[in-house]
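S.K.: Have a look at the structure that comes next, please.
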Amino acid sequence: MTDFVLRLLGAFQLRADGTPVTDFHSDKVRALLAFLALEPREHTRAELASLFWPETGDASARANLRSALHRLRQTLDAVEPGSSNRLMTVSRQSIRFNPEAASVDVHHFLSAVEDAQSTFSPVDLDQMEAAAALYRGELLSGFGLADAPAFEEWLFLRRELLHQQALVLLHTLTTAYESVGNDERAHVVAGRLLALDPYREESHRQIMRLLARMGQPDRALDHL
Numbered sequence: 000m001t002d003f004v005l006r007l008l009g010a011f012q013l014r015a016d017g018t019p020v021t022d023f024h025s026d027k028v029r030a031l032l033a034f035l036a037l038e039p040r041e042h043t044r045a046e047l048a049s050l051f052w053p054e055t056g057d058a059s060a061r062a063n064l065r066s067a068l069h070r071l072r073q074t075l076d077a078v079e080p081g082s083s084n085r086l087m088t089v090s091r092q093s094i095r096f097n098p099e100a101a102s103v104d105v106h107h108f109l110s111a112v113e114d115a116q117s118t119f120s121p122v123d124l125d126q127m128e129a130a131a132a133l134y135r136g137e138l139l140s141g142f143g144l145a146d147a148p149a150f151e152e153w154l155f156l157r158r159e160l161l162h163q164q165a166l167v168l169l170h171t172l173t174t175a176y177e178s179v180g181n182d183e184r185a186h187v188v189a190g191r192l193l194a195l196d197p198y199r200e201e202s203h204r205q206i207m208r209l210l211a212r213m214g215q216p217d218r219a220l221d222h223l
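According to numbering that gives the first Met the number 0, the residues represented by the sequence shown are 0 to 223, in order.
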């Protein structure tokens, strides 16, 4: 059975047994898969049609959805026959992504963030590092659908939520490293945190403190 991995943090990427799947008919097809994977519940066809084709009439929008879904199923089944039925439950009225059938980086990331917030001990550092590594960039980096404003709004809100979750995770990880005396690693993670939020005063102060403790007072002063 093919192992599907969907990476949505950073650029869109679908892998099947480690091999990239790139034969998507259009960005709408990619967007349909990404939306279904990130919202793994039952969606009516009417809901999806209006989300992705708001400027057309109902009949045309539904026809466009049927076409996009057909193209998506073709792409998945070309990897392995029956893959589309494993990844999606499709009826005449609705479509649902089956989250247990694929590994989706966003879900793993959010689960790890929740774990980091609910409990903490030094033994969790490797787990938090692995979670932080999942955040390769903003959700669907560089992606957009200019003719689907409702999808664009949804994407903006999801991007902001995940961005804030990444800040929380990296702050927790930085503080954890500092608390166990690993100033070098704390400094590296704090630098990544500042790359995501350059105006975060708390992180600037933390980096200065870490540099001073690492015997680099000049660099700490330069950071002012």
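Just so you know, even glycine gets a beta-carbon here, dropped at the ideal spot from N, CA and C.
Taking C-alpha atoms, which residue in Leu37, Arg85, Thr18 and Leu193 lies nearest to Leu7?
M.R.: Nearest of Leu37, Arg85, Thr18 and Leu193 to Leu7, Cα basis: Leu37.
S.K.: Among residues of its own chain, excluding the 5 on either side of Ala77, which ones have a beta-carbon nearer than 7 Å to its beta-carbon?
M.R.: Only Asp22 meet the Cβ criterion.
S.K.: Measuring straight from C-alpha to C-alpha, what distance separates Leu124 and Gln92?
M.R.: Cα-Cα distance, rounded: 45 Å.
S.K.: Can the beta-carbon of Phe226 be found less than 9 Å from the beta-carbon of Asp26?
M.R.: For the chain, the structure presents residues 0 to 223; residue 226 sits outside this window and is missing.
S.K.: Quick one: measure Cβ to Cβ for Ala67 and Val28, integer angstroms, because I've assumed they're closer than 8 Å.
M.R.: Between Val28 and Ala67 the Cβ distance is about 5 Å, and since that is below 8 Å, they are a contact.
S.K.: In whole angstroms, what separates the C-alpha of Pro98 from that of Met207?
M.R.: If you take the alpha carbons of Pro98 and Met207, they lie about 43 Å apart.
S.K.: Can you grab the Cα-Cα spacing for the pair Ser82 / Ala10, in whole Å?
M.R.: The straight-line gap from Cα to Cα measures roughly 23 Å.
S.K.: What span of residues does the beta strand (DSSP E) with Phe23 cover, start to end?
M.R.: Phe23 -> no beta strand (DSSP E), and no H or E assigned at all.
S.K.: Report buried or exposed for Asp16, applying the criterion of at least 16 other Cβ atoms within 10 angstroms of its Cβ.
M.R.: Classification for Asp16: exposed.
S.K.: Just to confirm before moving on: does the CB-CB distance between Ala132 and Ala115 stay below 9 Å?
M.R.: No.
S.K.: Any idea what DSSP makes of Val122, helix, strand or coil?
M.R.: Caution is warranted here: a pLDDT of 48 is assigned to Val122, below 50, making its placement in the model unreliable, and the coordinate value is therefore given only provisionally. Val122 falls in the helix class under three-state DSSP.
S.K.: I need the straight-line Cα distance from Val122 to Val179, nearest angstrom please.
M.R.: Below a pLDDT of 50, predicted positions are generally treated as unreliable, and Val122, at 48, falls in that range; no measurement from the model is reported.
S.K.: Within this structure, are the beta carbons of Leu192 and His170 separated by less than 9 Å?
M.R.: Yes, the Cβ-Cβ distance between Leu192 and His170 is below 9 Å.
S.K.: Along the alpha helix (DSSP H) that carries Val4, what are the first and last residues, could you check?
M.R.: Careful: Val4 lies outside any alpha helix (DSSP H), inside the beta strand (DSSP E) at Phe3 to Arg6.
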